[in-house]
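Heads up: the structure comes next, in structure tokens.
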Amino acid sequence: MKVLVVGGITAIKEKMLFGKNVHVKFVTCGRDRCACRFGQRHGPYYYRREKTESGRYSDVYLKPQTVNLNFAYAVVGKEDVILDIGKLSDLSPIFESCTVFEVKGPLRGGRGM
Ligand SMILES: [Zn+2]
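Under my numbering, the letters of the sequence shown match residues 1351 to 1463, in that order.
Below is the structure:
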């Protein structure tokens, strides 16, 4: 079954990525012929905002392994995710505070999954 988790991105960031100081960035690389010039940006890249000794904040890049989740998900819109799971109880506990809908059939306007 497929489920739509409202606010799933936020849950992933907060529960899996060491709290709320994690930022997800999609970037352009500046190369002339790259797809990112046409909207397909690179990423996601994860950064953790840390306070330095001088009291400033700096963004520390998190390696993909650090944020490797033990389940696959597709991002919908800005904050929601779609997961393909066997049954509702298989849903990761990190989403326990989210609203979850079962997805039946293809999403309007989306690619078929
Ligand atoms: Zn690029």
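Note that the Cβ used here is the ideal one computed from N, Cα and C, for glycine as well.
These numbers come from a predicted model, not from an experiment.
Here the residues close to ligand 1, judged by CB distance below 5 Å to any of its heavy atoms, are Cys1379, Cys1384 and Cys1386 in chain order. In this structure, Tyr1407 and Lys1375 do not form a Cβ contact; the two beta carbons are roughly 15 Å apart against a cut-off of 8 Å. When secondary structure is reduced to three states using DSSP, Ser1442 falls in the coil class, being assigned neither helix nor strand.
At a Cβ-Cβ threshold of 8 Å, Tyr1397 and His1373 count as neighbours. The beta-carbon distance between Asp1430 and Gly1358, rounded to whole angstroms, is 6 Å. This is short enough to meet the 8 Å contact definition.
Apart from the 5 residues on each side of it in sequence, Gly1393 sits with its Cβ closer than 8 Å to the Cβ of Val1374, Lys1375, Phe1376 and Val1377 in its chain, given in chain order.
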